[in-house]
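In the numbering used here, the protein residues as written are 544 to 801. Just so you know, even glycine gets a beta-carbon here, dropped at the ideal spot from N, CA and C.
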Amino acid sequence: MMPNLKLKPKPQSKRFKRWVKIAHYWLGAIVSIQLLLWLVTGVYFNLTPHYELKGMEYQQSHHPEPQRQAFDPQKLVDIAPLLAKHTQVESLSLVALAGKPVYVLDAKVQRYAHQCQQQTLIDAYTGNALLIDKQSAQKLALESYTGPGKITQVKQISAPISEWPTQCNSLWQIAMDDELSTRIYINAVNGELVGHKNDHTDIADLMFKLHFMDYLNQGSFNNPFSWLFGILTLLLSLSGLYWIVENLALKRYRISIG
544 MMPNLKLKPK
554 PQSKRFKRWV
564 KIAHYWLGAI
574 VSIQLLLWLV
584 TGVYFNLTPH
594 YELKGMEYQQ
604 SHHPEPQRQA
614 FDPQKLVDIA
624 PLLAKHTQVE
634 SLSLVALAGK
644 PVYVLDAKVQ
654 RYAHQCQQQT
664 LIDAYTGNAL
674 LIDKQSAQKL
684 ALESYTGPGK
694 ITQVKQISAP
704 ISEWPTQCNS
714 LWQIAMDDEL
724 STRIYINAVN
734 GELVGHKNDH
744 TDIADLMFKL
754 HFMDYLNQGS
764 FNNPFSWLFG
774 ILTLLLSLSG
784 LYWIVENLAL
794 KRYRISIG
């Protein structure tokens, strides 16, 4: 009769299993923290009104859309000399800016408003170049504002801008003294309204940062922490799969039918 010999596991195998077990526990703890943050921030987004998330309590629509019907066509300068002077122009449009007709000359059309704009503003009545100075920025900001506050501070800021991490252009920041501490942002290149920020959006921005793991403040979900979380989740799944196969091989699962 043959003796019942049991093969002892190699020390390397035991050590490997031990490290897989430890790694699985720690990976589970780390991944669980981010999953909990997703749950908490997701509940916050569902319970918070959209206008608070976007800082729109005192914001009204403000877009420099073409308003040719409000202008006297006879007074508009001919665009031919403008195009002759500005030879590298991909696009020319007529918009209303602070109640005045303005030609916008795009040297290179950008897909998104936050990208670096290569635009020149021309007064459509005089043909003179326009700049979005402090006074213009204040007027444009007040056009978008419906609250009770008054202007307390106006300053120009350049990228990178913490509240608008994807913004490439310089902005005018106009601070209001209302109960929400509203800050209005105007694009210093073309006068477009970038948006409003206030105490509510400060909380919302933090929640978005936690939800999208944007801890480097890049304004994007496609960031290194997202990649790292994906790798950690994959390792957690693989280590868990290893233990399932190991337990099946050792017949640690008991399945009873009936």
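Taken atom to atom, the span from the alpha-carbon of E686 to that of L759 is near 34 Å.
Taking all protein chains in view, the Cβ of G738 is crowded by 16 or more other Cβ atoms within 10 Å, so the residue is classified as buried.
Under the three-state reduction of DSSP, V586 is assigned to helix. About 16 Å separates the Cβ atoms of A672 and L637, ruling out a contact at the 8 Å cut-off. With respect to the 8 Å criterion, S713 and A731 are classified as neighbours on the basis of their beta carbons.
The continuous stretches of beta strand (DSSP E) do not include A641, and DSSP gives it neither H nor E.
Cβ contact annotation for Q658 (same chain, cutoff 7 Å, sequence separation greater than five): C711, in chain order. As computed with DSSP, K698 is found in a beta bridge with Q716. Distance check between Q681 and each of G670, K698 and I665 places K698 closest, using alpha-carbon atoms only.
Non-local C-beta neighbours of F751 in its own chain, meaning closer than 8 Å and more than five positions away in sequence, comprise T584 and D757, ordered along the chain.
In the three-state DSSP reduction, L683 falls in the helix class (H, G or I).
DSSP places Q662 within a strand segment (E or B) once states are collapsed to three.
Of the residues N733, A702, P703 and N741, the one whose Cα lies closest to the Cα of I717 is N741.
Runs of alpha helix (DSSP H) with 4 or more residues, each lying fully within the region 702–781, are found at 742–754, listed in chain order. Under DSSP, no beta-bridge partner is assigned to Y655.
At least 8 Å separates the beta-carbon of L640 from that of V632.
Per DSSP, reduced to three states, the secondary structure at L648 is strand. Contact check for V645 and L664: beta-carbon distance about 5 Å, within the 8 Å limit, so the pair qualifies.
The straight-line gap separating the alpha-carbon atoms of E735 and Q660 is approximately 11 Å.
As a beta-bridge residue in DSSP terms, A672 pairs with I665. By the neighbour-count criterion, in which 16 or more other beta carbons inside 10 Å mark a residue as buried, Y601 falls on the buried side. If you ignore the 5 residues before and after P708, its C-beta comes within less than 7 Å of the C-beta of N760, Q761 and G762, all in its own chain and listed in chain order.
Following the DSSP letters along the chain, one finds L596 inside the alpha helix (DSSP H) bounded by residues H593 to L596. The closest CA to that of S634, considering only P616, V620, L784 and Q653, is found on Q653. In this structure, DSSP gives L619 a state outside helix and strand, which the three-state scheme calls coil.
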